[in-house]
Structures are given as C-alpha cells and as structure tokens.
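**Student:**
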Amino acid sequence: MKTKTFFIGSILLISNLVYALPVQNIPRQRAVISQFDHALVAMISELLVSRGLERDVAEQKVVHLFGENINNAALNLHHFLHEFNTVSYDQAAEYLSQKALFDQQIDLASYDALLGMLQTLDFQLATTENYAKLHRMASLNKRFLKS
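Residue numbers (the numbering used here): 40 to 186.
(1) Buried or exposed: where does ASP146 fall if 16 or more other Cβ atoms within 10 Å of its Cβ makes it buried?
(2) Confirm, please, whether the CB-CB distance from ASN115 to ASN180 is below 8 Å.
(3) Would you decide whether PHE33 is buried or exposed? Buried here means 16 or more other CB atoms lie within 10 Å of its CB.
(4) To the nearest angstrom, how far is the alpha carbon of VAL88 from that of ALA81?
(5) Less than 8 Å between the beta carbons of VAL126 and LEU135, yes or no?
(6) Determine the direct distance from the alpha carbon of GLN158 to that of ALA165, and round the result to whole angstroms.
(7) Roughly how many angstroms separate the alpha carbons of LEU154 and GLU122, rounded to a whole number?
(8) Please report the residue range of the alpha helix (DSSP H) in which GLY106 lies.
(9) Which value, in whole angstroms, describes the spacing of the CA atoms of GLN99 and LEU86?
(10) Which value, in whole angstroms, describes the spacing of the CA atoms of ASN110 and LEU173?
(11) Among the candidates SER84, PHE162, GLN163, ASP151, whose CA atom is the shortest distance from the CA of GLU133?
(12) Which of the three DSSP states, helix, strand or coil, is assigned to ILE83?
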C-alpha cells in the first residue's frame, strides 16, 4: 500500500512540476506582446510626428495601418523580428511608419507583406531558405488568426 501511495504521489508531483512551467509562461507572454504592441504604436506615431504630422493624425494613421488587428500585427512582427534577427526593431518601425504616412494598410499575416518588408529592409536576406521561412510564418499567422 505504501508503494502504491508513493508511486501515485510521485506521479502527481512530477506532472505538476512539468505542466506548471509552460502554463506559468502564458500570462507573461501575453503581457510582453501587449507591451510590444503599445510600444510599436507609440514608436510609429513618434516617427510620424517627427516627419511633421500632428500627434492625433499620426495615431489615426497607425490605427488605419493595422486595421482592427493591432495585437495580431504586433505578434506577427515579433515573430518576424525573432526569425530574422539582422533586421532591427527600429528598421521595421521606420518601414511601417512609411507605410502609415502614405495611408497604406499592411497585413503582417500575409506572405506578400512579409516578403515586401524583408526585401525592403535587407535585400541580402532574400534567399530561397528565407522565402520558405516566410511562407511557413505566414501560414502559421493565418492559422492563428482563424482560431
């Protein structure tokens, strides 16, 4: 009986330790992405203000740039910057501010938008391997949006 109790207790303890670690990181990841999207909007707005726009007009242009899915756009940009670490956050924000300045919308879940951003920011990264990474990233981003 002691062996059975010890065995069940050990399994419960180990499973609690193993499964508690990934679950613990989920709220922290959400908070990081939330901070990332607020920082992204603020940085693009500041870049537009530095180009001579009024602050409220700049914020409207940033909202128009991403549409209703600002959180998804920030998450997709975070994945892009993580995958292509030679592209800096500042370069990506500059690219997005240029798109916002001309009232263009961008869907960072689409392959075309990601490819255009990659080719504009660093043409050296335009390789067959990176095209495959972009395709995989875009398909995962679209699946995430559907769920």
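Note that beta-carbon positions come from the ideal geometry of N, C-alpha and C, so glycine has one too.
**Tutor:** The structure says:
(1) buried
(2) yes
(3) A query on residue 33 cannot be resolved here, the shown segment of the chain reaching from 40 to 186 and no further.
(4) 10 Å
(5) no
(6) 6 Å
(7) 13 Å
(8) Note, GLY106: premise wrong, no alpha helix (DSSP H); not H, not E.
(9) 13 Å
(10) 20 Å
(11) SER84
(12) helix
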